[in-house]
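**Q** In this note's numbering, the protein residues as written are 5 to 129.
Each residue gets a CB set at the ideal place from its N, CA and C atoms; glycine is no exception.
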């Protein structure tokens with residue numbers, strides 16, 4: 005997919021480390037991306053998208069850059085019904101995207117088994 009013009013796009017946060025899709029809860033419409041600790045990066049980072057209506061994500065990303073689009077830019081990725089009252093978050097300038105009500109992230113000293121700060125998502129330690 006082509007890169008979205010950066011006109012009025014707001015870059016939120018980025019990391020130069022691997023992230024994986026850790027869990028998606030259908031009943032709560034929550035997507036959790038996680039970067040687990042490594043020797044180079046000793047912390048864990050969880051990125052949670054809530055109230056997800058549509059997404060296009062890979063199973064993993066070598067790095068993660070999140071940007072929030074304008075409504076006009078969002079229309080290039082999802083239908084108006086999918087993004088109504090939600091934000092469209094681009095992953096790595098359009099490599100992926102998530103339409104969600106909110107996006108939040110948290111960095112801590114946890115490992116892959118430590119519960120997420122974003123609550124007990126069934127099946128996620």
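Any idea if residue 91 is buried or exposed, counting beta-carbon neighbours within 10 angstroms, 16 or more meaning buried?
**A** Per the 10 Å Cβ criterion, buried.
**Q** So, for residue 86: in the same chain, excluding its five sequence neighbours on each side, which residues have a beta-carbon less than 7 Å away from its beta-carbon?
**A** Cβ within range, chain order: 57, 58, 103.
**Q** Under the three-state reduction of DSSP, which class applies to residue 50: helix, strand or coil?
**A** Three-state DSSP puts residue 50 in a strand.
**Q** Measure the alpha-carbon distance for residue 37 versus residue 98 and round it to whole angstroms.
**A** Roughly 16 Å separates the two Cα atoms.
**Q** Please report the straight-line C-alpha distance between residue 101 and residue 93, rounded to a whole angstrom.
**A** Each residue's Cα considered, the two are about 5 Å apart.
**Q** Distance, Cα to Cα, residue 30 vs residue 71?
**A** Looking at the two C-alpha atoms, the distance is approximately 24 Å.
**Q** Considering only their Cβ atoms, is the gap separating residue 49 from residue 39 smaller than 7 Å?
**A** Yes, the pair counts as a contact, with Cβ atoms nearer than the cut-off.
**Q** On the DSSP letters alone, give me the boundaries of the alpha helix (DSSP H) that residue 20 sits inside.
**A** Note, residue 20: premise wrong, no alpha helix (DSSP H); not H, not E.
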